[in-house]
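Okay, so the sequence shown: first residue is 319 according to our numbering, each after it adds one.
Below is one structure, written out as structure tokens; the observations come after it.
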Amino acid sequence: MFEDAEVTVKISLASAREDRTEKSPTLKVVAGPGRDMLGFWVVGQEERLLIGRDEREAGVVLTDVTVSKRHAALYTDLTGAIIVDDLSSTNGTAVNGQRITHPTPLHPGDNLEVGGVLLRLELLSSDELSHLGRVSKRLAEAGSDPLTRLRTRRFLDEEVPDLVRKCRASELPISCSFLDLDGFKGINDLYGHHVGDEVLARTSRIILGDVRDEDAAIRYGGEEILLVLPGSSLLAAVGVADRLRRKIAEHDWYRTAPDLRVTASIGVAELHEGETVEAWIRRADHAMYRAKAAGKNRVFRAD
């Protein structure tokens, strides 16, 4: 796979005993183009990884144009430390914001910048890896919205009523969150529709990477996203919504466009006894508009 010995990589992990047995070192994209977001690669002692755009050779394939075909490499030195080495890339490699010019240790929790893509080395449990695998599978599902890879309005019409029936039969709560990106028209006008599309794609992946497998994320229309959370009370759903609000606001949007800032206003409603799905969603929608009227970047509960 590699022609030169200095380009090959091995990865191991020095950690506490429980981490060695229960968690795996995983390189994960945390900020980058929508196509790369949520990409992850479990790395092991005998694995050799090249990071780059070359799909034939790279073990970590990144699609962003700022990434060189053979950009960087990871390997394990004789002490067992994980080392990252830039391979004379065009746009450079950085660890925790510092551009590297020689082989540099990479520890769990460190950020790795490859061109304009931000990755992080994390210790993930088997449950966390399984969740990421299911999210990746969901992104590839047929019938998803082509841009965001979220579920479509068809899911809302055909599947959500059944979710409601099941929750009612089991006497479980069910809540929904209506999310709208603040000032989205202004983003399109200022930066262009290609940036607007990228914002939607990234926002959707932030959401998919955070919610549970049983939660449904639906592209309701334009920049509006509906979350349906079976088994979640109003209080729990508000907690989820506020966590998503913070993650969207704190994301590294400058990698998409200079000075770009993205926030979301969210309305949350728990289904009432005897309430129709339409009325339930409408209450969440109204709460979202109240959040916008109160100053945006807020979560409001439905009346």
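Think of the CB as a built atom: it goes at the ideal place given N, C-alpha and C, for glycine as much as any other residue.
Here the structure is a predicted model, which is why all the values come from computation and not from measurement.
DSSP places Leu436 within a strand segment (E or B) once states are collapsed to three.
Secondary structure in the region 494-581: the beta strand (DSSP E) runs of 3 residues or longer, each lying completely within the stretch, are 534-539, 542-548 in chain order. DSSP lists no beta-bridge partner residue for Asn414.
In this structure, Leu356 is the residue among Val402, Ala597, Leu356 with its C-alpha nearest to the C-alpha of Leu380. Leaving aside the five residues that flank Gly427 on each side, none in its chain has a CB nearer than 6 Å to its CB. In terms of Cβ geometry, Ala582 and Leu499 form a close pair [threshold 7 Å]. Here the C-alpha atom of Val558 lies approximately 31 Å from the C-alpha atom of Gly510. Judged by their CB atoms, Val617 and Val556 are nearer to each other than the 7 Å cut-off.
The continuous stretches of beta strand (DSSP E) do not include Ala605, which lies in the alpha helix (DSSP H) extending over residues 595-611. Annotation: the continuous alpha helix (DSSP H) that includes Val478 extends over 478-487.
DSSP, read as helix, strand or coil, puts Ser583 in strand.
The beta carbon of Ala519 sits closer than 7 Å to the beta carbons of Gly352, Leu465, Thr466 from its chain, once the five residues preceding and following it are set aside; these are given in chain order. Distance from the CA atom of Ser406 to the CA atom of Lys387, rounded to whole angstroms, is 11 Å. Gly451 carries a helical assignment under DSSP once its states are collapsed to helix, strand and coil. If you look at Val617, you'll find it in the beta strand (DSSP E) that goes 617-619. Boundaries of the beta strand (DSSP E) around Pro343: 341-349. Counting C-beta atoms within 10 angstroms of its own C-beta, Tyr393 has 16 or more neighbours from the protein chains shown and is therefore classed as buried. Residue range 367-370 is occupied by the beta strand (DSSP E) that includes Leu368. Proximity to Ser443 across Lys341, Ser550, Glu593, Val546 peaks at Lys341, based on C-alpha coordinates.
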